[in-house]
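Trainee: Residue numbers (my numbering): -1 to 147. Here it is, the structure in full.
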């Protein structure tokens, strides 16, 4: 039987109230000097729909907020860098692990060695991207860098 409580691989539950995150998005849009039209251009390009109200996954809202934080005021929404998308990063990671022929134990050992975590869910999106880059390096025969002290 499965033990009670979430496993280390389960993502944390989404909060009920997203108002703080939405307020931060509004602040960032003002900082960028983007109106609704510019926001709609960016959302359509990155998420496939022009309305923030259609961001129904908390992870997408967080990715959107993080991407806005990294943009410079006056950035062109048609050219601005899209955010990292966690589901895509996890899918890429699964693919890389499969191509390497690594099982869960070998992947976890590599993760622990380089990030001191036992689950990919414990990594930030940026760390997950870095983990994927390390796996790609292993695939092409580059020795991975030593783990941080």
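C-beta: ideal position from N, C-alpha, C; glycine also.
Between the C-alpha atoms of residue 110 and residue 55, what's the straight-line distance to the nearest angstrom?
Mentor: Approximately 28 Å, taken between the alpha carbons.
Trainee: Can you list, in chain order, the residues of its chain whose CB lies under 6 Å from that of residue 57, leaving out five sequence neighbours each side?
Mentor: 84
Trainee: In terms of alpha-carbon separation, which member of 89, 33, 42 lies closest to residue 72?
Mentor: It is 33.
Trainee: Starting from the C-beta of residue 90, find all residues in its chain whose C-beta is less than 7 Å away, skip the five residues before and the five after it, and write them out in chain order.
Mentor: 130
Trainee: Roughly how many whole angstroms lie between the Cα atoms of residue 153 and residue 42?
Mentor: Lying before the first or after the last residue shown, residue 153 is absent from the chain, which here runs from -1 to 147.
Trainee: By alpha-carbon positions, which one of 92, 65, 62 ends up nearest to residue 119?
Mentor: Ranking the options by Cα distance to residue 119, first place goes to 92.
Trainee: Locate the alpha helix (DSSP H) running through residue 61, then write down its first and last residues.
Mentor: 56 to 68
Trainee: Could you check the C-alpha separation between residue 28 and residue 21 for me, to the nearest Å?
Mentor: 11 Å
Trainee: Work out the CA separation of residue 19 and residue 60 for me, nearest whole Å.
Mentor: 7 Å
Trainee: DSSP three-state label for residue 128, please.
Mentor: helix
Trainee: Buried or exposed for residue 26, please, with buried defined as at least 16 other CB atoms from any protein chain shown within 10 angstroms of its CB.
Mentor: Buried, by the Cβ-count rule.
Trainee: State the start and end residues of the unbroken alpha helix (DSSP H) segment that holds residue 103.
Mentor: 102 to 113
Trainee: On the criterion of 16 or more Cβ atoms from any shown chain inside 10 Å, does residue 135 qualify as buried, or is it exposed?
Mentor: Residue 135 is exposed by the Cβ-count criterion.
Trainee: Would you say the beta carbon of residue 108 is closer than 7 Å to some non-hydrogen atom of the ligand GTP?
Mentor: Judged by which ligands are present, the structure shown has none, so any question about the ligand GTP falls away.
Trainee: Start and end of the alpha helix (DSSP H) containing residue 29?
Mentor: 17 to 30
Trainee: Quick one: give me the first and last residue of the alpha helix (DSSP H) that residue 138 is part of.
Mentor: Where residue 138 is concerned, there is no enclosing alpha helix (DSSP H), given that its DSSP letter is neither H nor E.
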